[in-house]
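Here the structure is laid out as structure tokens; the discussion comes afterwards.
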Amino acid sequence: MSELANCSKCGSLYVQSFRSICSSCYKKQEEDFKLVSGYMRQKDHRMATMLDVCAHTGVEERTIRQFIREGRLLVAAFPNLGYPCESCGNMIQSKRLCAQCQRELNAEIASLTEQESTKSSTNPNRTKQSRLNQFL
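Take 1 as the starting number for the sequence shown in full-length UniProt numbering and just add one per residue.
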């Protein structure tokens with residue numbers, strides 16, 4: 001059953017099927033993809049940076065990043081096509097964080113998990129319910 005929803009790009013009301021954007025934004029997105037992929041396929045442009053692609057195609061950087069994240073643009077063939085890590089700003093070609101920031105985040109999570117585990121084991125009278133209540 002279809003529902004009414006607001007397009008996540010333009011905000012207009014549309015009948016939602018399996019996309020989060022309306023049909024006119026979807027058409028624009030597909031046109032943008034054709035522009036970007038056509039530009040990148042040209043031999044002279046394979047070393048282009050994100051800024052070069054944006055400047056020559058007129059497509060927004062976040063749209064190009066979306067194509068990369070969706071796997072529609074394969075950056076392995078385009079070594080200079082990247083976007084900034086959401087934590088430190090270093091250029092990356094996949095995911096949201098660079099390898100270093102991902103390691104740091106994982107270490108921090110492990111440390112917090114260990115601290116919580118230690119806290120729970122030092123007070124055996126704490127029940128699972130009382131631990132859950134501290135978050136309520």
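Ideal placement from N, C-alpha and C gives every residue a C-beta, glycine not left out.
- In summary, Leu4 is exposed, with fewer than 16 beta-carbon neighbours lying within 10 Å of its beta-carbon over all protein chains present.
- DSSP, read as helix, strand or coil, puts Ile92 in strand.
- Thr118 counts as exposed, since fewer than 16 other C-beta atoms from the protein chains shown sit within 10 angstroms of its C-beta.
- Contact check between the stretch 29-44 and the stretch 52-65: three or more CB pairs, one atom from each, fall below 8 Å, which counts as touching.
- For the set Cys10, Ala76, Ile92, Ala77, the Cα lying nearest the Cα of Tyr83 is the one of Ile92.
- Note on geometry: alpha-carbon atoms of Glu70 and Glu116 lie some 36 Å from one another.
- The beta carbon of Phe67 sits closer than 7 Å to the beta carbons of Phe33, Val36, Leu73 from its chain, once the five residues preceding and following it are set aside; these are given in chain order.
- Non-local beta-carbon contacts of Ser17 in its own chain, meaning distances under 7 Å to residues more than five positions away in sequence, involve Ser2 in chain order.
- Judged by DSSP in its simplified three-state form, Gln16 adopts strand.
- With a cutoff of 8 Å on beta-carbon distance, Ser23 and Tyr14 are scored as near each other.
- Take Cys88, set aside five residues on each side of it, and the residues of its chain with a beta-carbon closer than 6 Å to its own are Cys101, in chain order.
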